[in-house]
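Line order of the protein sequences matches chains A and B. Residues in the first sequence are numbered consecutively from 4, following our numbering. Residues in the second sequence are numbered consecutively from 30, following our numbering. Below is one structure; the comments refer to it alone.
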Amino acid sequence: MCDTLERLMNCIESGKINKLSPFPASLKGQDGADELCKLALDEGINPQVILNQALIPGMSKIGEKFSQGKAFVPEMLISAKAMTAAMKHLKPFFATGEIKRNGVFVIGTVMGDLHDIGKNIVSMTIEGAGWEVIDLGVDVKPEKFMEVIDKYPDCVVGLSALLTTTMANMEVVVKEIKSKYADKVILVGSAPLSQDFCKKIGASFYSPDPQGAVEYLKKVAA
Amino acid sequence: MGYTEESLPAMINEEIDEVFESGNDLWNIAGGYSITESINLDKSNFSILLDNVEFDIHNVIFQQIRKSNIIAIFACTAGKRITDKSKEFMKDGDLLKGYVYDLFGSIVVESAMDLIQNSLQKEMAALGLKITNRFSPGYCGWEVAEQKKLFSLLPEHFCGIELTDSCLMQPTKSVSGIIGIGESVKYNGCTCNICDASNCLYKNLKYQ
Ligand code: B12
């Protein structure tokens, strides 16, 4: 891999946002994800290659550390910020279709529930894995999910809920979606959930952490 | 967050310091308890009747409070502003700051509740009584949905906390539950060994 891409990947993994970011100390004063992504484009590197060979692997590395318990939520969030700084330069290529993403991921916290930190982390991790993420926010009614799925019929859906009381609403959403889109891939997650619950409500996959979802989505996209 | 003192990255440490300094005027703590002596414990189904309202508290909590003669029903909140601030940062793309504010709110409400519990303990000790740990709906098999009944025993809009239809307390950074009081009840340093939640962030943490 060329030097610029390698450095860019490291910046994503270590959360070095731009030249001014003081952390990590070993990269102090050096270019960050922001500058390096621009440099890579200036060097003529194909934007799709930048996404696939630097940004996605950078996020994937931090995601793996997270699921192994070697990194925690804050590091994921800093990496995501570095990723966003780099993505800013790639945005125009998404619009022209020069960069293709893996697919569309529609996520929301179900009706009755207002928790969003966990969902936000899942959103940015999946975006970091090369998906276009449509985040519907919190307290999302089944009708809203349907409206957006109708617009993106090939999308994958993600549902979040933090309490056992609102978890029950996941079943309502899954039923509604499956009645129209029987094969729709639906991911569920959050602290009180389990594999058994996922199976019981007819969702496709349960993951206790975002990285598990990313691994599953790789299979879906393949 | 999961870090040990040594493994906490400098960048995150700095962020925590900043939030904890600037967060001081963001909380709006309110909390308290209501005492009831009208209690009736039913061992056959691990339930407790408080002011004629029945609670299915399940085995684990039942065993801890079964020797109580009095029950304190509590609720406490850190207020709405911390959560608003957290959401603001999240929306603006500063996810880390948003997260640290969120965590800060959780710490504030739990610490405030510790103070309330300490003062209850002192008050009761003066009467020759002891207190148990605090127990919340949503833990150890006690359904979150039973919060509806719990709040029915507290004055309306108690401490500015509202319960949604799905039993979510608003403001988000709020807690509710019961504490047992009696001559022969026990306070256990750590109840993690009797709770079956395997994914609880607090599991054994506070007491290490
Ligand atoms: C901090 C905390 C609190 C704080 C703050 C709560 C808040 N909402 O901000 C305080 C102390 C206020 C609190 C209060 C209560 N809490 Co609380 N709390 C927690 C705790 C310890 C951490 C939650 C958290 O912030 N996690 C960090 C975020 C980043 O993680 P996350 O949201 O789970 O998301 C991650 C994964 O789940 C996953 N994920 C999430 N969504 C999705 C979606 C998809 C598709 C995928 C793939 C993955 C995924 O990825 C995310 C990133 O890793 C959990 C226990 C735990 N281990 O999670 C209990 C927990 C959520 N609380 C619980 C309960 C019961 C309560 C109370 C009802 C107790 C009470 N009666 O007082 C109240 C309710 C508060 C309210 N407003 O109504 C229960 C809920 C279970 C249940 N029985 O319903 C839990 C699970 C604890 C337990 N018993 O095991 N709580």
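Ideal Cβ placement from N, Cα and C applies to all residues, glycine included.
Check your understanding: Under a CB-based cut-off of 8 Å, is A/Met-127 close to chain B?
Key -> yes
Review point. Okay, do the stretch 167 to 185 of chain A and the stretch 201 to 216 of chain B touch, 3+ Cβ pairs below 8 Å being the bar?
Key: no
Review point. Is A/Met-173 near ligand 1, with its Cβ less than 7 Å from a heavy atom?
Key: Taking 7 Å as the cut-off, the C-beta of A/Met-173 does not count as close to any heavy atom of ligand 1.
Check your understanding: Does any C-beta atom of chain A lie closer than 8 Å to the C-beta of B/Thr-193?
Key -> yes
Practice item. Check whether the Cβ of A/Phe-26 lies closer than 8 Å to any Cβ atom in chain B. Key: yes
Practice item. For B/Thr-33, return the contacting residues in chain A, with the cut-off set at a CB-CB distance below 8 Å. Key: Those within 8 Å of B/Thr-33 in chain A number zero; the least Cβ separation is about 11 Å.
Check your understanding: Under 8 Å, do B/Val-240 and B/Gly-170 count as touching if we go by C-beta distance?
Key -> Coverage of chain B is limited to positions 30 through 237, which leaves residue 240 of chain B absent and any answer about it impossible.
Exercise for review: Taking 8 Å as the cut-off, decide whether the C-beta atoms of B/Val-204 and B/Val-138 are in contact.
Suggested key: yes
Exercise for review: Output yes or no for whether 8 Å exceeds the beta carbon distance between A/Lys-22 and A/Glu-38.
Suggested key: yes
Point to revise | Near ligand 1: B/Lys-178 beta-carbon under 7 Å from a heavy atom | key: It does not: the Cβ of B/Lys-178 is nowhere closer than 7 Å to a heavy atom of ligand 1.
Review point. From B/Ala-238 to A/Phe-26, what does the alpha carbon distance come to, in whole angstroms?
Key: Missing from the structure shown is residue 238 of chain B; chain B here goes from 30 to 237 and no further.
Exercise for review: For A/Pro-95, verify whether its CB is less than 7 Å away from any heavy atom of ligand 1.
Suggested key: no
Practice item. With DSSP collapsed to three states, give me the class of B/Leu-192. Key: B/Leu-192 falls in the strand class under three-state DSSP.
Practice item. Give the range of the alpha helix (DSSP H) segment to which B/Asn-147 is assigned. Key: 124 to 154
**Study point:** Member of B/Asp-85, B/Tyr-62, B/Ala-59 whose CA lies at the smallest distance from the CA of B/Leu-70
**Key:** B/Asp-85
Point to revise | Residue of B/Gly-218, B/Asn-217, B/Glu-34, B/Glu-44 minimising C-alpha distance to B/Tyr-130 | key: Its Cα nearest to that of B/Tyr-130, the residue B/Glu-44 stands out among B/Gly-218, B/Asn-217, B/Glu-34, B/Glu-44.
Point to revise | First and last residue of the uninterrupted beta strand (DSSP E) at B/Cys-105 | key: Note, B/Cys-105: beta strand (DSSP E), 99 to 106.
Point to revise | Cα-Cα separation between A/Ala-57 and A/Val-107, rounded to whole angstroms | key: 21 Å
Point to revise | Within chain A, partners of B/Gly-122 - CB distance below 8 Å | key: Within chain A, the residues whose beta carbon sits less than 8 Å from that of B/Gly-122 are Lys-84, Thr-87, listed in sequence order.
Point to revise | Environment of B/Asp-46 [buried if 16+ CB atoms lie within 10 Å] | key: exposed
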